[in-house]
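This report concerns only the one structure given below.
In this note's numbering, the protein residues as written are 209 to 250.
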């Protein structure tokens, strides 16, 4: 995606206490994240 000009951010889950093995990857865009913030926190 970055090669196509999209700005990306990487959140290393092991830095947040998640074990370092196969992981769930969440991809979203800022306006969707802001719009659904309360739902995602649940």
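For glycine and all other residues, C-beta sits at the position ideal for the given N, C-alpha and C.
Check whether residue i and residue j have beta carbons under 7 Å apart
i: residue 210; j: residue 218; result: no
Distance cut-off 6 Å: residue i Cβ against heavy atoms of the ligand PLP
i: residue 214; result: Although the ligand PLP was asked about, the structure shown includes no ligands whatsoever.
Nearest candidate by alpha-carbon position, reference residue i, set the options
i: residue 222; options: 214, 232, 213; result: 232
i: residue 220; options: 246, 243, 229; result: 229
Cβ shell of residue i (< 6 Å), same chain only, five flanking positions each side left out
i: residue 237; result: none
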